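Report on one structure; see the data block that follows.
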Amino acid sequence: MEVLPTHKLLIRLCLLLPLHITSLLLVSSAYSPPNNYFINCGAQSNTKVNNTRDFVGDQDFLVGKGETVKNSNSLASSSPLYQTARIFKHPASYKFDINQVGTYIVRLYFFVFMSLYIDDLPIPRFNVSLVSRFSLLTKPQNYPY
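Residue numbers -30 to -1, 1 to 115, in mature numbering (1 follows the signal peptide of the UniProt record, and there is no 0), belong to the letters of the sequence shown in order.
Now the structure itself:
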């Protein structure tokens, strides 16, 4: 049976694919953001998750007023991160000190729970704006990534 030239190319590409994936994994694992903020919304104290990351309460970063609520069914989630939340009835924001220009990753986790402390919020509503008051660099930057 004859192997066509296109099949030879396909075989070579398939052999190179694991090498390419490995190089991507190495590059992504080497990335370390200049600042790390692990925030536990509504928490009054720090929470350690999986013995690796310390999540701090959000009160030091909060600009505005929000109401803290607790999950009335603590068995619904085993993670301590999902035991508190913050309810905002007016616009509010969080402020973080950024020391370096660079790429930052924002990851949000949401978990719906019922709270005995809130009667006037029958339907959860989310309005999340991740970017505000930022400036675009006009000069090209050379970053090592």
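Glycine is no exception: its CB is placed at the ideal position from the N, C-alpha and C atoms. All values reported here derive from a predicted model rather than from experimental measurement.
Secondary structure of Leu51 (DSSP, three-state): helix.
Collapsing the DSSP output to three states places Arg77 in coil. Under the DSSP assignment, Val82 falls outside any beta strand (DSSP E); it carries neither an H nor an E label.
Under the criterion of beta carbons closer than 8 Å, Ile57 and Val39 qualify as touching, at roughly 6 Å. Shown here for Ser15: same chain residues with a beta carbon closer than 8 Å to its own, the five before and five after excluded, namely Gly27 in chain order.
In the displayed model, Asp67 falls within coil according to three-state DSSP, outside both helix and strand. In the DSSP assignment, Gly27 falls within the unbroken beta strand (DSSP E) covering Arg23 to Gly27. In this structure Cys11 is in contact with Thr54, their Cβ atoms being roughly 7 Å apart against a cut-off of 8 Å.
For Val98, the three-state secondary structure derived from DSSP is coil. With distances taken between CA atoms, Leu78 lies nearest to Leu51 out of Leu51, Val33 and Thr17. Look at Asn10 here: in three-state DSSP terms it is strand. By alpha-carbon distance to Val82, the top candidate from Asp24, Asn43, Gly34 and Glu37 is Asn43.
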